[in-house]
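Participant: Please find one structure pasted underneath; my questions will follow.
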Ligand SMILES: [Zn+2]
């Protein structure tokens with residue numbers, strides 16, 4: 427099948443042109459680090475949904491045990507398990523890596539080389555919501571496939587490294603995203619998030635966890651702070667403020683001690699003058 431059967435022309439054109447400007451032109455960035463763009467043809471969403479449903483029916487009929495997407499989702503299917511692995515890897519390398527190279531260079535965005543792909547299902551008799559977590563990925567692509575639903579917003583709460591994963595959320599880091607079928611959201615795996623309850627209907631999303639072996643290897647040797655972690659950044663800024671304050675304090679005490687020194691010298695001079703005058707007076 428030709429890529430134009432899957433993707434919207436705007437998306438295809440932007441990635442094929444492959445410049446920072448062309449990629450940025452189809453994106454909205456509602457909060458730093460979260461990008462959203464229209465990606466899939468509606469027909470393709472329907473086809474994929476049908477395929478997942480057929481797969482589940484087949485698994486059920488054969489009484490196979492289906493591998494669930496991850497430790498948090500009970501419903502859904504791993505796409506790599508039904509013959510889509512090579513196609514999805516090609517998709518990641520040709521379409522997601524060029525975008526990630528522009529927006530997430532500091533987490534190996536340009537060197538994505540493996541993935542975990544799955545579909546999740548939310549609604550009545552499915553998973554209802556998803557707790558607050560980070561993904562085992564450098565970059566996550568989350569595309570809504572449909573169908574009809576209400577609720578199910580994705581909430582974001584700041585990007586964190588391993589050391590700061592449970593730290594407080596700052597007000598400016600809070601953002602809720604409402605899914606639209608065919609539209610994709612791209613974020614760092616370490617961008618903390620969760621899904622609010624899908625209050626009615628059925629919502630199915632395609633998730634692609636993209637990983638970079640280069641980034642994972644390099645991270646082992648990283649000793650200093652993570653430039654992409656909100657809390658590491660705040661700590662660094664705080665250290666700089668403290669450093670400036672300390673410098674000011676040193677300057678102040680130096681100036682202060684100079685003033686004391688000057689005053690002492692004036693006093694000494696005055697007392698010497700007085701003594702001289704006194705001695706002169708009595709001689
Ligand atoms: Zn950190």
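In our numbering, the protein residues as written are 427 to 709.
Ideal Cβ positions, reconstructed from N, Cα and C, are used throughout, including at glycine.
Here the structure is a predicted model, which means the values were calculated and not measured.
(1) Compute the distance between the beta-carbons of residue 628 and residue 671, then report whether it is under 8 Å.
(2) Can the beta-carbon of residue 623 be found closer than 8 Å to that of residue 577?
(3) How about residue 566 and residue 514: do their beta carbons lie closer than 8 Å?
(4) Is residue 622 near ligand 1, judged by its Cβ being under 7 Å from some heavy atom?
(5) Assuming residue 533 and residue 564 make a contact with CB atoms under 8 Å, what is their CB distance in whole Å?
(6) With a cut-off of 7 Å, give the chain-ordered residues whose Cβ is closer than this to any heavy atom of ligand 1.
(7) What's the call for residue 665, buried or exposed, on a 16-neighbour Cβ count within 10 Å?
(8) Under 8 Å between the Cβ atoms of residue 618 and residue 546?
(9) Between the C-alpha atoms of residue 579 and residue 604, what's the straight-line distance to the nearest angstrom?
(10) Could you give the residue range of the alpha helix (DSSP H) that holds residue 476?
(11) Can you find the residues in the same chain that come closer than 7 Å, C-beta to C-beta, to residue 587, ignoring five residues on each side of it along the sequence?
(12) Helix, strand or coil, according to DSSP, for residue 495 in the structure here?
(13) Considering residue 460, what are the terminal residues of the beta strand (DSSP E) in which it resides?
(14) Suppose the cutoff is 8 Å on Cβ atoms and the five residues either side in sequence are ignored; what does the same chain contact list for residue 454 look like?
(15) Alpha carbon to alpha carbon, how far is residue 555 from residue 479?
(16) Using the DSSP secondary-structure output, state which residues sit across from residue 549 in a beta bridge.
(17) Which one or two residues does DSSP pair with residue 582 in a beta bridge?
(18) Cβ of residue 606 less than 8 Å from any chain D Cβ?
(19) Under 8 Å by Cβ, that's how I've got residue 481 and residue 521 pegged, so tell me the actual separation to the nearest angstrom.
(20) With H, G and I counted as helix, E and B as strand and the rest as coil, what does DSSP make of residue 526?
(21) Pick out whichever of 644, 660, 643 has its Cα sitting closest to the Cα of residue 596.
(22) Where does residue 613 land, buried or exposed, given buried means 16+ other C-beta within 10 angstroms?
(23) Smallest Cα separation from residue 598: which of 499, 608, 584?
Facilitator: The short version:
(1) no
(2) Yes, they are a contact pair.
(3) no
(4) In this structure, the C-beta of residue 622 stays at least 7 Å away from each heavy atom of ligand 1.
(5) 5 Å
(6) Taken from the N-terminal end onward, the list reads 586, 587, 589, 590, 651, 652, 655, 657, 658.
(7) exposed
(8) no
(9) Looking at the two C-alpha atoms, the distance is approximately 5 Å.
(10) 468 to 487
(11) 616, 652, 655, 658
(12) coil
(13) 460 to 464
(14) Taken in chain order, the residues that qualify are 461, 462, 463.
(15) CA-to-CA, the gap between residue 555 and residue 479 works out to about 20 Å.
(16) 628
(17) 601, 619
(18) Any reference to chain D falls outside this structure, which holds one protein chain only.
(19) Wrong, their Cβ atoms sit about 23 Å apart, outside the cutoff.
(20) helix
(21) If we check each option's Cα against that of residue 596, 660 comes out closest.
(22) buried
(23) The residue with the shortest Cα to Cα distance from residue 598 is 584.
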